[in-house]
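Undergrad: Pasting a structure here, questions to come.
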Amino acid sequence: MPFILAFTNSNEQQQRWWQRKRAKEAPMEFQTHHGAKGIALEITFTAGKSHNHPLMAFWVEDTAGNYLQSLYVAQSIAQGYFRHGDASTGRWQPGPLRRPAALPYWGHKRGIQAPDGYYIPTQDKPMPDAVTGPTPKADFILSTNTSFEKPGIINVFMEINQSWDWNHYWHNNKFPDDEHYKTSSQPALVYKTTIDFDNPRNEYTLKPVGHSHWSGATGELFEDLSTITTALDIAQEVKVRIDF
């Protein structure tokens, strides 16, 4: 237990340093699905006090829970290639890496299983460039488009996860033999909002609705968030606006 406390304190110091560093930066603006003839959406992400290089994905589903399309997926996940993916030389180098615990709810919803059994893209079969891009360092504004026309009601989701955010429940010895859990720490969080295009509002706020499986073994959504602490502060606010 003392080891865990020391690690947590160090992590908090790192978070404070990172928060000061990004305070001067304006929101990053970027676009996905450029030219798509569906519905234009603008997603505004405000980083929270625990934000430190998380991975994330945004996607839409119908009201029956059927996956419709991804709006944005972090580049390393979408391409199966990480900046720190290969440690074979004793130093981290760019390379392919499998991270099934990173965004498992999105991966299972997308429903494409790779030959190794994981529901994430591979370097050989990456997602198209139109849906991905470098992970924003902090606040960002994403302009995107659906591939479908006015659908009635849709649900917009975000899944977000960052490594090394251990806490007293999700500690580094909870599943000592699970290599994928060790890359996730607190499990990925899932946020959601519902848009009714027959009764539209100016703005919608995505709220946390659960967490994903801690090692990505299943596509379950666990609604109990009582064990989640700092991970709830990775995002301060996430909003989506319809651009009619």
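All residue numbers for the sequence shown refer to the numbering used here, where the first residue is 640 and numbers rise by one. All residues carry an ideal CB built from backbone N, CA and C; glycine is no exception. Keep in mind that this is a model prediction, so the values were computed, not measured.
1. Could you work out which residue in P666, K831, R737 and E842 is closest to L680 when comparing CA atoms only?
2. Classify A874: buried if its beta carbon has 16 or more other beta carbons within 10 angstroms, exposed otherwise.
3. Which same chain residues, not among the five before or five after D835, have their C-beta less than 7 Å away from its C-beta?
4. Determine the closest residue to K748 out of K878, L871, W805 and G855, with distance taken between C-alpha atoms.
5. For a test of the three-state rule: what should DSSP assign to G772, helix, strand or coil?
6. On the three-state DSSP scale, how would you describe Y744?
7. Just curious, the alpha helix (DSSP H) that A777 is in, first and last residue?
8. Indicate the three-state DSSP secondary structure (helix, strand or coil) for T833 in the structure shown.
9. Check for me: the beta strand (DSSP E) holding A679 runs from which residue to which?
10. Based on Cα-Cα distance, which residue from M766, A717, K776 and D763 lies nearest to T685?
11. Answer yes or no: do Q825 and I867 have a C-beta to C-beta separation smaller than 9 Å?
12. Tell me whether I792 sits in a helix, a strand or coil according to DSSP, three-state version.
TA: Put simply:
1. E842
2. By the neighbour-count criterion, in which a residue is buried when 16 or more other Cβ atoms sit within 10 angstroms of its Cβ, A874 is buried.
3. I792
4. G855
5. In the displayed model, G772 falls within a strand according to three-state DSSP.
6. helix
7. Where A777 is concerned, there is no enclosing alpha helix (DSSP H), given that its DSSP letter is neither H nor E.
8. strand
9. A679 to A686
10. Of M766, A717, K776 and D763, the residue nearest in Cα terms is K776.
11. yes
12. strand
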